[in-house]
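Here the structure is laid out as structure tokens; the discussion comes afterwards.
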Amino acid sequence: MAQLYADSALAIASKIPGKDLFVRLHERIGLTYHGRGAFFTALNYYDKGAALGNQVKNKSILAAIYLNKSDIYHQVADYVKSIEANENALNIYTAINDVGGVASCYI
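For the sequence shown, the working numbering assigns the number 405 to the initial residue and increments by one for each residue that follows.
Here is the structure:
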């Protein structure tokens, strides 16, 4: 049932100009699967959101996706990918001068 709502939300968001909402939905759906321990499904949603990252105005969405990916890779013991994703998040947060975001990369 939740997947039906998620798919409906994505279908609606895909028709709205700009990609911020569409990317945010992928991030939120990814978080839902992430929290349930369905890591690879979560990564699929995060990757779809990240693929549109250069089309979003709110770069903190993209940084959050990378930070969440870093957490998953850490949990599945893929430390190289975890560090890469964390560095991507750190670079974005630094570029947009988000001090709180930068700090979250060091936690």
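Every residue, glycine too, gets a C-beta built ideally from N, C-alpha and C.
Predicted model only: the values in this text are computed from it and were never measured.
Buried/exposed call for residue i, threshold 16 Cβ in 10 Å
i      : result
ALA467 : buried
LEU408 : exposed
TYR483 : exposed
TYR477 : buried
GLY505 : buried
Cβ shell of residue i (< 6 Å), same chain only, five flanking positions each side left out
i      : result
LEU456 : LYS423 and VAL427
ALA410 : ILE433
VAL454 : Strictly speaking, residue 454 in this sequence is Ala, with Val absent from that position. Closer than 6 Å at the Cβ level, and outside the excluded window around ALA454, lie ILE469.
9 Å Cβ cutoff met for residue i and residue j
i      : j      : result
ILE496 : LYS452 : no
ALA446 : SER474 : no
ALA489 : LEU471 : yes
Own chain partners of residue i with C-beta closer than 8 Å, once the 5 adjacent residues on each side are dropped
i      : result
ALA499 : LYS463
TYR449 : HIS430, GLU431, ILE433, GLY434 and TYR437
Residue of the options minimising C-alpha distance to residue i
i      : options                           : result
ASP502 : ASN458, ILE487, ILE465 and VAL480 : ILE465
ARG440 : ALA406, ILE511, GLY504 and SER486 : ALA406
Residues near residue i in its chain [Cβ-Cβ closer than 7 Å; skip 5 each side]
i      : result
SER418 : PHE426
Query raised in the report: In the segment 450-511, which residue ranges form an unbroken alpha helix (DSSP H) of at least 4 residues, counting only runs that do not cross its ends?
Result: 463-479, 483-499 and 503-508
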